[in-house]
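Working notes for the structure below.
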Amino acid sequence: LTGIPPAPRGIPQIEVTFDIDADGILHVHAKDKATGSEQRIEIKSSSGLEDKEIERMVREAESHKDEDEKLAKLAETRNHAEQLIYTVEKTLKEHGGKIPDTEKRDVEAAVERLKKAKEDDNADAITSAMEDVTKASHKLAEILYKEASKQQGQEGTKAAPQPEAAGEAQEKQSGGDKVVDAEYRVVDEDNK
22 LTGIPPAPRG IPQIEVTFDI DADGILHVHA KDKATGSEQR IEIKSSSGLE DKEIERMVRE
82 AESHKDEDEK LAKLAETRNH AEQLIYTVEK TLKEHGGKIP DTEKRDVEAA VERLKKAKED
142 DNADAITSAM EDVTKASHKL AEILYKEASK QQGQEGTKAA PQPEAAGEAQ EKQSGGDKVV
202 DAEYRVVDED NK
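Residue numbering for the sequence shown follows this note's numbering, beginning at 22 and increasing consecutively.
Laid out in structure tokens, this is it:
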């Protein structure tokens, strides 16, 4: 699609439909849900393939299967790394003032190592660097959680009514009636 306005990662929603008809023509339809902008394209085969060519292509695909799986794993690992980098950097940007400098430097260093590892073709190195970033970000989350708990605790002690005052408020709300616990028993019409 062309003419889509710039937006942060994860915000644009594009619906893509692929249809193959009986003649082998591929119909692709893409629509941006936000703007309603849509585009269609048809992909036609310029010439048919002979059975020998199809068999040769299948054999080639099978011979490169392991290499393709390795490349797919590398691409998937890189995508996960990119998402982790984005999330951690966003958290640092939003909550950087609440984090002690030593922990902040540790997280930033781990993210930089992951960025460098992501540029190589070694999925294991990327995974290892991702684990380091994850561990560092867990410390970050722990610090933020403790900070939030402290703030809630301070606000809670200021705003929480005293127990006696809370009881009086309940009495006023219920019109001054007192609530009394009582025991009861079921009386059956047959067993009077």
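Using N, Cα and C, we set each Cβ at its ideal position, and we do this for glycine too.
| Query | Result |
| --- | --- |
| Beta-bridge pairing of Asp-53 - partner residues as DSSP gives them | Ile-35 |
| C-alpha distance - Tyr-166 paired with Glu-103, whole-angstrom precision | 25 Å |
| At least three beta-carbon pairs within less than 8 Å, the segment 114-123 to the segment 149-158 | no |
| Reference Ile-64, options Leu-92, Asp-87, Gly-45, Glu-163, closest by Cα | Gly-45 |
| Option nearest Ser-149 by Cα separation, candidates Asp-142, His-159, Ala-138 | Ala-138 |
| For Ser-158 and Val-79, believed in contact at Cβ under 8 Å, the rounded distance | Rounded, the Cβ-Cβ distance is 44 Å, inconsistent with contact. |
| Alpha-carbon spacing of Thr-23 relative to Ala-55, whole angstroms | 13 Å |
| Reduced DSSP secondary structure (H/G/I, E/B, other) of Leu-47 | strand |
| Rounded straight-line distance, which links the Cα of His-116 to that of Glu-81 | 51 Å |
| Rounded C-alpha distance that separates Ile-25 from Gln-173 | 42 Å |
| Contacting residues, own chain, Cβ-Cβ under 8 Å from Gly-31 (five flanking each side not counted) | none |
| Contact check, Ile-106 vs Val-132, beta carbons under 8 Å | yes |
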